[in-house]
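Numbering (my numbering), first residue to last: 11 to 663.
Some notes on the structure that comes next.
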Ligand code: WTA
């Protein structure tokens, strides 16, 4: 973020107090902050009562061996029972858990009773496939109800799932399967995306030629397209799961039993397997879902418009909402299929009261213009949420005005795959919101902004966002790599969790997030590592060296821009080299990782110690005047790159 943007941001003076209707009925009040601050242990013990425990925990946090936390360690419970069965037992079996809207327009209404029965059948099916507590199961599905059923069936058996986003390539899937030793994969023939069926099963087949250990593949029939089924390994979900009994007794597991592994990009090449465990994660997600969205499960219709393949889908489409007995909308497709008013049509149809989405979507809607939302009745909305990247004040105000009718609170929620739950957010009934600010830590959570020496910065200053105390939904480690867990998050500042985000405290002490301070890019709210994409580029036979930067983009927040040096024997690479490299990155990682722009260059700017100077490349990618080049080995390199790019036939897209 440039200094100018930053100072504009902090000159933002618009204020939005909570609506009067809400102030009297809000879940979180000033008293909640006070209780949490006075006695955090008692506060979290109280939040743990949101769950049905087989053995009630007597402990809250055990921080005797930092950074390895244990929460509610002597409690036992079953995650799926807490999401499903108990609501049926409490008489809410007829309540809708999901209104599913498929991209082609097919719909399903799934009650808590039906969800419970389907989860039990799927748990029986997995048991027949030999899955037991501790075994890993990969889920590679489109946004269809079976994705939720599959996750909960795994959770019911104590078998950690790893959901791999359907947009990832077979290579990315294979890496994840291999990293955590998956034994069973749940997939579909395909899914609908932008009006056309995608192909998932063949990606699984390809992935399984590259890794070992998977003995069964369960295949949901979604599109009806032809797929190859491998005898003895592949089974159709509708036959195999559909034929199972819907009786299944849940087993209680210790609170610290692994619930899932979610891979996310770090600043070095290989994705990190974030491990979440059961009790603390469910307490943290259900509490924050209730608090930040002021959830009223009897009347709200909640819609997290995020894919289940990301943490937002895990925490606020599946676990948090289901523990709370929420009615949610689940939508399979893109916002412009078959028309640009699709989201607003869905809100009108299901009377959605809370919408949770990413700034990149909001900026896209801004670009399309207000005439699309204006055609629909959005009066059911009473709260709007934002997540995934910093939201610029203009987008925030547009969202509140055109979608929220200038009536509803907007909550900008900051958190991460690692934190598992929302950490910094306004509370809708308490906070006087500032457009673009995530405001304050949620009650019970402690964060700070510190300088390089780990000292808390005064109001009006910037630094790094850190979490100063353990929290229930925190990641417990990185799968199979405790040392990397320590190095990545706990070594930069003694005793503090380093989030990797820059932040600023304004004059009131409220927090503004300023984006990543490491080599992680945020593209449309998706985390991408520059090194991961560089490795993908360098694995192409024509490429000698590559440098990737995230350039500011009006819609996607950041966009991937790559600079590559070709190998001598590749000559000029041929006329299609840029397209060839983009396709190669898509095959290695997934279409979401395709660079927006690839520039073929002769040299890369490097410091005398050989480090690529990304800052300069970012200047070029953002069309800025070049910054200070005095530390460059050869400052003519930059002129060369710039001159080359100025040529009309330069190889860029
Ligand atoms: C960024 C998504 C500013 C941040 C839940 C973080 C945000 C990364 C916000 C985590 C926000 C998320 N304001 N930045 N409200 N929410 N981020 O793991 O850089 O996919 O570190 O989790 O997204 O991305 P992740």
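Each residue gets a CB set at the ideal place from its N, CA and C atoms; glycine is no exception.
Exposure label - residue i; buried when at least 16 CB within 10 Å
i, result
"residue 25", "exposed"
"residue 65", "exposed"
"residue 135", "buried"
"residue 660", "In this prediction, residue 660 scores a pLDDT of 38, lower than 50, which makes its location untrustworthy; the coordinate-derived value is nonetheless stated afterwards. By the 10 Å Cβ count, residue 660 comes out exposed."
"residue 505", "exposed"
"residue 234", "exposed"
"residue 156", "buried"
"residue 248", "exposed"
"residue 465", "exposed"
"residue 529", "buried"
"residue 275", "buried"
"residue 489", "buried"
"residue 75", "exposed"
"residue 550", "buried"
"residue 48", "exposed"
Distance, residue j Cα to residue i Cα
i, j, result
"residue 196", "residue 171", "10 Å"
"residue 658", "residue 611", "Note on residue 658: pLDDT 45, under 50, position unreliable in the model; no value is reported."
"residue 532", "residue 183", "21 Å"
"residue 487", "residue 581", "46 Å"
"residue 424", "residue 154", "27 Å"
"residue 663", "residue 205", "Annotation note: pLDDT 33 at residue 663 (below 50); position unreliable, no value reported."
"residue 557", "residue 548", "10 Å"
"residue 242", "residue 138", "14 Å"
"residue 431", "residue 576", "43 Å"
"residue 541", "residue 261", "42 Å"
"residue 210", "residue 239", "13 Å"
"residue 23", "residue 444", "7 Å"
"residue 625", "residue 526", "14 Å"
"residue 297", "residue 285", "20 Å"
"residue 187", "residue 543", "20 Å"
"residue 113", "residue 87", "36 Å"
"residue 462", "residue 474", "8 Å"
"residue 323", "residue 185", "22 Å"
"residue 559", "residue 589", "18 Å"
"residue 150", "residue 519", "42 Å"
"residue 400", "residue 451", "16 Å"
CB contact flag (residue i, residue j, <8 Å)
i, j, result
"residue 85", "residue 289", "yes"
"residue 333", "residue 614", "no"
"residue 230", "residue 198", "yes"
"residue 591", "residue 571", "no"
"residue 393", "residue 410", "no"
"residue 201", "residue 208", "yes"
"residue 2", "residue 439", "The shown model of the chain, from 11 to 663, leaves out residue 2, and the question about it has no answer."
"residue 89", "residue 165", "yes"
"residue 396", "residue 369", "yes"
"residue 121", "residue 95", "no"
"residue 419", "residue 28", "yes"
"residue 36", "residue 304", "yes"
"residue 91", "residue 360", "no"
"residue 147", "residue 169", "yes"
"residue 314", "residue 270", "no"
"residue 482", "residue 294", "yes"
"residue 177", "residue 583", "no"
"residue 453", "residue 58", "no"
"residue 173", "residue 318", "yes"
"residue 569", "residue 628", "no"
Residue i: first and last residue of the uninterrupted alpha helix (DSSP H) it sits in
i, result
"residue 134", "122-138"
"residue 198", "First-last for residue 198: 192-198, but that is the beta strand (DSSP E), not the alpha helix (DSSP H)."
"residue 359", "352-360"
"residue 204", "It is not in any alpha helix (DSSP H) - residue 204 carries neither H nor E in the DSSP assignment."
"residue 405", "403-408"
Supposed close pair residue i, residue j - CB separation, criterion 8 Å
i, j, result
"residue 455", "residue 513", "Actually they are not in contact, since the Cβ atoms of residue 455 and residue 513 sit about 14 Å apart, beyond 8 Å."
"residue 67", "residue 82", "4 Å"
"residue 337", "residue 546", "No, residue 337 and residue 546 are not in contact; Cβ-Cβ is about 41 Å, not under 8 Å."
"residue 511", "residue 469", "Actually they do not touch by this definition, with Cβ atoms about 18 Å apart."
"residue 521", "residue 405", "Incorrect: roughly 18 Å between the Cβ atoms, too far for contact."
"residue 374", "residue 345", "7 Å"
"residue 552", "residue 595", "Actually they are not in contact, since the Cβ atoms of residue 552 and residue 595 sit about 13 Å apart, beyond 8 Å."
First through last residue of the beta strand (DSSP E) which encompasses residue i
i, result
"residue 220", "First-last for residue 220: undefined, no H or E at that position."
"residue 40", "Taken as a continuous stretch (DSSP letters only), residue 40 belongs to no beta strand (DSSP E), being part of the alpha helix (DSSP H) at 40-48."
"residue 248", "Note, residue 248: premise wrong, no beta strand (DSSP E); alpha helix (DSSP H) at 247-250."
"residue 589", "Per DSSP, residue 589 belongs to no beta strand (DSSP E); it is in the alpha helix (DSSP H), 587-598."
"residue 526", "521-526"
"residue 107", "106-111"
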